Amino acid sequence: MNRLRNAVVLLLLAVLAVTMVGCGGNGEETGGESSFKIGIVTGTVSQGEDEYRAAEIMVERYGDRVVHVTYPDNFMQEQETFIGRVTELAADPDIKAIIICQGVPGTAAALDKVREMRDDILLMVGVGHEDPQVIAEKADIAVDRDEVERGRTIPEIAKEMGATKFIHYSFPRHLSIPLLSQRRDRFKEECEKMGIEFIEISAPDPMGPDGIPGTQKFILEDVPLQVQTHGKDIAVFGTNLSMQEPLIRAALDAGCMFPEPCSPGPTMGYPGALGIDVEGMSGDMKAIMDAIEEEIIAKGGAGRFATWPVALNMTIIQSLAELAFQAVEGKVDLSDLDAITAQMEKEADSEMLVRRYLDGTNYYVVIAGSYIFGADN
Amino acid sequence: MRKRFQLKGGFSAADLLRQNAVPILFLFMCILGVIVSGQNIRYIAQELVSRLARNWFLVLSLIIPVTAGLGLNFAIVLGAMAGQVGLIVATHYKIPGLLGLSVAVVLSVPIAVLLGISVGHVLNLARGREMITSMMLGFFANGLYLLVFLFMVGTVIPVDNPEIMLDSGVGLRGTIELKYCKYALDNLLKVRLFGVNIPVATFGVVIALCLGIRWLYKTKLGQELRAVGQDMAVASVAGINVDRTRITAMVMSTVLASIGQIIFLQNMGVINTFNSHEQIGTVAIASILVGGASVTSATVGHGLAGTLLFQLLFIVSPSAGQRLMGNAQVGEFFRVFIGYGIIAVALLIHSWERKVSLESASRQSALKGQAKATGNM
């Protein structure tokens with residue numbers, strides 16, 4: 610018995626050793642370049658595919674000059690590992706800038722640790738989860754999505770589509786989040802200005818007893834009812850991620866309008882709702898947009914559905930990386946709003962609205978111009 | 005369990021290997037990791053030193069309940085919450101440096117004592133299921149913590165401090181920077197050795213705790229804790245107040261955890277108000293298990309060695325994984341697989357070890373019985 614167990618333990622060790630040594634040759638060599646490098650920290654694809662692909666694109670563009678590492682999937686529980694990965698990048702003297710996107714909890718502490726080690730390094734944060742004020746003080750530049758401003762742009766798109774009523778699906782837990790309730794108030798205000806009737810509907814909370822299926826079922830049943838009462842010229846909007854696919858499907862069937870998913874971008878909602886297989890298109894937003902447009906027109910939704918043509922997190926990473934290369938060489942000033950906007954528009958190949966979120970800091974928020982599917986037809 | 009005289013000539017090498025299989029396995033993986041990751045040794049040393057300074061105290065707070073037979077105390081999360089309360093108050097009143105930390109400790113100790121007493125009472129009612137109960141208590145206390153700091157601060161508790169509170173004036177910010185007592189203990193006495201900064205004062209505190217625990221076991225209370233841990237019925241017959249002793253153990257562990265969390269956070273420099281405490285339970289428990297501790301026996305040595313090995317593996321494994329696989333995210337998956345896989349193996353080996361010890365002990369007594377029987381014939 611004893612011997613058997615010892616043998617098993619030894620065998621396990623041997624297997625592990627062989628695996629590690631055997632694979633050792635395939636390791637990717639970094640370094641060896643005289644010019645400086647930048648580091649990008651993203652999640653893995655299981656946390657957010659857009660960010661990971663964007664970092665891959667940058668590695669392709671600059672080769673060894675971009676070092677891409679990932680933070681733990683379980684980032685809430687493994688902040689030390691996340692911080693370790695960031696300081697590990699900073700330990701390489703060739704690395705002159707670090708981009709963290711998304712700025713998961715632990716970013717502020719990680720930025721502090723890096724600053725302790727070095728002061729000749731640029732720190733950039735995209736889509737921060739922590740308090741903007743804290744991040745703004747520590748990072749050289751931070752970029753995020755402009756939720757409050759979307760309170761103005763979304764009703765504008767609805768108006769452009771010809772909507773007379775705007776239906777807002779949400780639930781109390783979401784509306785207790787300051788940013789979302791601010792945005793709702795802005796919706797109301799803008800709709801009033803444009804003569805659109807604003808209707809608020811409370812949907813079941815996906816974290817509630819019926820879970821996500823309960824919320825999705827409610828949406829699928831409620832949208833046709835709303836169309837029966839208010840007619841087809843109504844725009845629907847939902848604040849929760851799980852609502853987007855049923856909203857698109859129901860709006861398409863019932864013939865109403867859908868101006869924007871809660872977190873807009875080609876990969877959000879539409880591919881799932883329309884059954885589009887994005888395989889082979891990963892990272893190619895243009896191809897995904899074309900596939901969606903074809904499907905929307907075929908199903909009779911031309912001019913009534915829209916989204917952003919850019920995956921914002923991708924644009925943020927790519928722009929920050931480009932800005933990092935320029936800033937290290939002293940070619941760009943990170944407090945120059947126009948330069949930041951120009952860079953983001955170049956990466957996104959679309960119109961972007963960038964503004965400073967906190968006065969006197971480099972904390973920027975951004976929204977992209979929308980694209981209405983089949984509007985030209 | 006440790007001394008098994010039936011083996012002629014004392015310990016054999018295989019026996020020693022088996023009894024320390026978990027730490028040896030970890031050490032082996034760490035060495036491999038260091039080689040494969042190709043990281044700068046000075047970086048590894050610096051990162052390790054700072055992680056040890058952060059974690060040792062917290063891990064050591066687990067030892068006393070194990071001795072008293074309460075198993076691994078998942079309720080150190082409660083102690084951590086108490087520590088955070090102290091730090092938040094100290095930050096609110098802008099108390100600088102070491103004084104701020106002392107105030108935090110003074111404030112958190114009574115809260116931790118109170119929490120420890122309540123947890124102790126509950127665990128006395130849930131004998132035999134202490135570990136899962138303490139874990140559930142952690143979740144419950146988290147709800148209470150959220151209620152107090154998200155809702156009651158600014159409404160029931162009159163606080164007005166925009167630096168740490170949300171703009172709406174109710175509830176704390178998700179990220180609170182410890183502006184006034186950041187690094188206070190670490191920077192008190194810093195020695196640079198071979199290019200590695202060593203926070204001597206922090207390690208001094210840890211050493212004091214180690215000596216304190218040793219001293220405790222020599223006192224009457226320490227003996228009682230051990231007696232209760234070995235057999236509650238026997239201890240009770242011997243005139244020890246079992247319930248009170250178990251509560252004392254929980255109080256000591258909770259208080260130590262609160263101080264441990266204060267040390268941890270002064271090194272991080274930032275509190276994630278609503279989830280800093282959640283991270284420590286699992287990591288601390290995994291660390292002490294890696295050191296060779298079990299649910300029934302844990303020593304200072306287990307805690308110190310375990311934290312060292314666990315943190316070392318987590319420093320080198322992300323890079324090692326990335327270099328082996330040549331892909332950022334596969335490296336991350338590999339790290340999780342190896343890191344947590346080994347912990348699972350560790351637990352398996354523990355139960356094997358226990359089973360074998362029990363088996364050989366019963367075989368031994370059976371042999372004795374047989375010998376007696378033949379002797380009598």
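Chains as they are written, first to last, in this note's numbering: chain Y, 610 to 986; chain Z, 5 to 381.
Just so you know, even glycine gets a beta-carbon here, dropped at the ideal spot from N, CA and C.
Predicted model, so just to flag it, every value in this text is computed and none were measured.
Of the residues the options, the one placed nearest residue i, counting alpha carbons only
i: residue 953 of chain Y; options: Y/865, Y/648 and Y/975; result: Y/975
i: residue 773 of chain Y; options: Y/756, Y/806 and Y/812; result: Y/806
i: residue 233 of chain Z; options: Z/55, Z/67, Z/47 and Z/19; result: Z/67
i: residue 53 of chain Z; options: Z/332, Z/194 and Z/41; result: Z/194
i: residue 869 of chain Y; options: Y/895, Y/939, Y/840 and Y/756; result: Y/756
i: residue 299 of chain Z; options: Z/160, Z/171, Z/20 and Z/77; result: Z/77
i: residue 383 of chain Z; options: Z/214, Z/87, Z/271 and Z/121; result: Absent from the structure is residue 383 of chain Z, since the part of chain Z shown begins at 5 and ends at 381.
i: residue 836 of chain Y; options: Y/684, Y/937, Y/776 and Y/688; result: Y/776
i: residue 655 of chain Y; options: Z/103, Z/75, Z/332 and Z/159; result: Z/332
i: residue 192 of chain Z; options: Z/105, Z/134 and Z/280; result: Z/105
i: residue 850 of chain Y; options: Y/778, Y/907, Y/890 and Y/910; result: Y/778
i: residue 730 of chain Y; options: Y/764, Y/936, Y/963 and Y/858; result: Y/936
i: residue 271 of chain Z; options: Z/344, Z/65 and Z/206; result: Z/206
i: residue 949 of chain Y; options: Y/808, Y/733, Y/681 and Y/911; result: Y/733
i: residue 115 of chain Z; options: Z/107, Z/87, Z/339 and Z/212; result: Z/87
i: residue 843 of chain Y; options: Y/826, Y/809 and Y/681; result: Y/809
Cα-Cα separation between residue i and residue j, rounded to whole angstroms
i: residue 966 of chain Y; j: residue 751 of chain Y; result: 10 Å
i: residue 163 of chain Z; j: residue 795 of chain Y; result: 29 Å
i: residue 803 of chain Y; j: residue 768 of chain Y; result: 8 Å
i: residue 138 of chain Z; j: residue 17 of chain Z; result: 38 Å
i: residue 259 of chain Z; j: residue 70 of chain Z; result: 15 Å
i: residue 342 of chain Z; j: residue 697 of chain Y; result: 20 Å
i: residue 762 of chain Y; j: residue 168 of chain Z; result: 32 Å
i: residue 353 of chain Z; j: residue 28 of chain Z; result: 12 Å
i: residue 9 of chain Z; j: residue 33 of chain Z; result: Reliability of the predicted coordinates at residue 9 of chain Z is poor, the pLDDT of 42 falling under 50, and the value obtained from them is presented with this limitation in mind. Roughly 32 Å between the two C-alpha positions.
i: residue 301 of chain Z; j: residue 368 of chain Z; result: 22 Å
i: residue 753 of chain Y; j: residue 230 of chain Z; result: 55 Å
i: residue 980 of chain Y; j: residue 127 of chain Z; result: 60 Å
i: residue 745 of chain Y; j: residue 48 of chain Z; result: 29 Å
i: residue 946 of chain Y; j: residue 781 of chain Y; result: 36 Å
i: residue 199 of chain Z; j: residue 933 of chain Y; result: 29 Å
i: residue 783 of chain Y; j: residue 222 of chain Z; result: 56 Å
i: residue 280 of chain Z; j: residue 328 of chain Z; result: 32 Å
i: residue 642 of chain Y; j: residue 672 of chain Y; result: Annotation note: pLDDT 41 at residue 642 of chain Y (below 50); position unreliable, coordinate value reported separately. About 11 Å.
i: residue 120 of chain Z; j: residue 262 of chain Z; result: 11 Å
i: residue 820 of chain Y; j: residue 854 of chain Y; result: 15 Å
i: residue 759 of chain Y; j: residue 147 of chain Z; result: 33 Å
CB contact flag (residue i, residue j, <8 Å)
i: residue 707 of chain Y; j: residue 699 of chain Y; result: yes
i: residue 117 of chain Z; j: residue 255 of chain Z; result: yes
i: residue 703 of chain Y; j: residue 646 of chain Y; result: yes
i: residue 852 of chain Y; j: residue 875 of chain Y; result: no
i: residue 865 of chain Y; j: residue 919 of chain Y; result: no
i: residue 62 of chain Z; j: residue 288 of chain Z; result: yes
i: residue 112 of chain Z; j: residue 251 of chain Z; result: no
i: residue 960 of chain Y; j: residue 928 of chain Y; result: no
i: residue 81 of chain Z; j: residue 145 of chain Z; result: yes
i: residue 60 of chain Z; j: residue 210 of chain Z; result: yes
i: residue 691 of chain Y; j: residue 719 of chain Y; result: yes
i: residue 123 of chain Z; j: residue 79 of chain Z; result: yes
i: residue 56 of chain Z; j: residue 315 of chain Z; result: yes
i: residue 285 of chain Z; j: residue 295 of chain Z; result: no
i: residue 848 of chain Y; j: residue 871 of chain Y; result: yes
i: residue 880 of chain Y; j: residue 916 of chain Y; result: no
i: residue 135 of chain Z; j: residue 75 of chain Z; result: yes
Residue i, enclosing beta strand (DSSP E) - first and last residue
i: residue 775 of chain Y; result: 774-779
i: residue 711 of chain Y; result: 704-712
i: residue 963 of chain Y; result: 961-965
i: residue 121 of chain Z; result: Taken as a continuous stretch (DSSP letters only), residue 121 of chain Z belongs to no beta strand (DSSP E), being part of the alpha helix (DSSP H) at 101-129.
i: residue 201 of chain Z; result: 200-203
Start and end residues, alpha helix (DSSP H) containing residue i
i: residue 252 of chain Z; result: 246-272
i: residue 137 of chain Z; result: 134-150
Quick check: the region 882-889 of chain Y against the region 916-925 of chain Y, are at least 3 beta-carbon pairs closer than 8 Å?
no
Do the region 231-251 of chain Z and the region 151-163 of chain Z meet, that is, are 3 or more Cβ pairs less than 8 Å apart?
The region 231-251 of chain Z, when compared against the region 151-163 of chain Z, does not touch it at the 8 Å Cβ threshold.
Mind the definition here: the region 674-686 of chain Y touches the region 355-364 of chain Z only if three or more C-beta pairs lie below 8 Å; say whether that holds.
no
Does the region 314-325 of chain Z come close enough to the region 174-186 of chain Z that 3 or more CB-CB pairs lie under 8 Å?
no
Count the C-beta pairs between the region 82-102 of chain Z and the region 209-229 of chain Z that are closer than 8 Å, then say yes if the count reaches three, no if not.
Three or more Cβ pairs closer than 8 Å define a contact, and the region 82-102 of chain Z falls short of that threshold against the region 209-229 of chain Z.
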